[in-house]
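Peer 1: Please see the structure below; I have some questions.
Have a look at this one:
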């Protein structure tokens, strides 16, 4: 898989990843918000998830291009600066870092005969601050997944989707959406627009 396609995920794991047992590899505490928009009775909708972490740089290892962050609760995590963070040399102990991960998922049932939209899978953009300023990073990417409705269960109110790799998964359908036999073998389009931003301010 191309690195650029997974850069938002890789960076978010680096800063917001799950807790590890080693010292300085704890999970940093952040704020999480989630919102959803859906038309009543219509399958699909839009889900927006956002997570923000604020921390202070408490240690640097220039030779390894790493920096250690500490949040307000005292949790610490050591991160390796990716090559895209070209202003790493300007990072200093005491700097305040804010990392934000935002994912917007749009899901809809494709109508029969509807033209397929151009695949944006792997499309990405990377922006960095001017040389000599404090380090920062903005990575935005888009991925589109197509699944097929292979089974429905009106009693359990679920639908089973099959993905391109052959795997299948069963999902609960919203109570306001009536499951109809005509949905069988219809395509479900799942588009994810992700954004990961890192900003740094001097103490």
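Residue numbers (mature numbering (1 follows the signal peptide of the UniProt record, and there is no 0)): -20 to -1, 1 to 183. C-beta atoms are modelled at their ideal positions from N, C-alpha and C, and glycine is treated no differently.
#1: Comparing C-alpha positions only, which one of 157, 147, 159 and 37 sits nearest to residue 56?
#2: Does the separation of the CB atoms of residue 138 and residue 152 fall below 9 Å?
#3: Between residue 51 and residue 78, how many whole angstroms is the CB-CB distance? I'm expecting something under 8 Å.
#4: Run the proximity test for residue 162: is its beta-carbon closer than 8 Å to any non-hydrogen atom belonging to the ligand PLP?
#5: Identify the residues that DSSP records as bridge partners of residue 237: which are they?
#6: Can you tell me whether DSSP reads residue 114 as helix, strand or coil?
#7: Given that a residue counts as buried once 16 or more other Cβ atoms are within 10 Å of its Cβ, and exposed if not, what is residue 6?
#8: Of the residues 128, 116 and 136, which one's Cα is nearest the Cα of residue 181?
#9: Please determine, among 13, 127, 84 and 17, the residue with the shortest C-alpha to C-alpha distance to residue 154.
#10: Could you name the residues of the same chain whose beta carbon sits closer than 6 Å to that of residue 132, not counting the 5 residues immediately before and after it, in chain order?
#11: Counting C-beta neighbours from all protein chains within 10 Å, is the total for residue 127 16 or more, i.e. buried, or is it exposed?
#12: Apply the 10 Å Cβ neighbour rule to residue 80 and answer buried if 16 or more other Cβ atoms are within range, or exposed otherwise.
#13: How close, in whole Å, do the beta carbons of residue 90 and residue 122 come, if the pair is a contact with beta carbons under 8 Å?
#14: Ignore the nearest five residues each way along the sequence and tell me which others in residue 23's own chain have a CB closer than 6 Å to its CB.
#15: Taking the CB atoms as reference points, tell me whether residue 168 and residue 129 lie closer together than 9 Å.
#16: Out of 67, 70, 41 and 68, which one is the CA nearest neighbour of residue 58?
#17: On the three-state DSSP scale, how would you describe residue 44?
Peer 2: Here's the rundown:
#1: 37
#2: yes
#3: Contact doesn't hold; Cβ gap of about 11 Å is too wide.
#4: Because no ligand of any kind appears in the structure shown, any question about the ligand PLP cannot be addressed here.
#5: The displayed coordinates of the chain run from -20 to 183. Any statement about residue 237 would go beyond what the structure contains.
#6: coil
#7: buried
#8: 116
#9: Looking at the Cα atoms, 17 is the closest of the given residues.
#10: Same-chain partners within the cutoff: 139 and 159.
#11: Residue 127 is buried by the Cβ-count criterion.
#12: Buried: at least 16 other Cβ atoms inside 10 Å.
#13: Residue 90 to residue 122, Cβ: 17 Å. No contact.
#14: Within the same chain, Cβ atoms closer than 6 Å to the Cβ of residue 23 are found at 89 and 157, the five residues on either side in sequence being excluded.
#15: yes
#16: 41
#17: Residue 44 carries a helical assignment under DSSP once its states are collapsed to helix, strand and coil.
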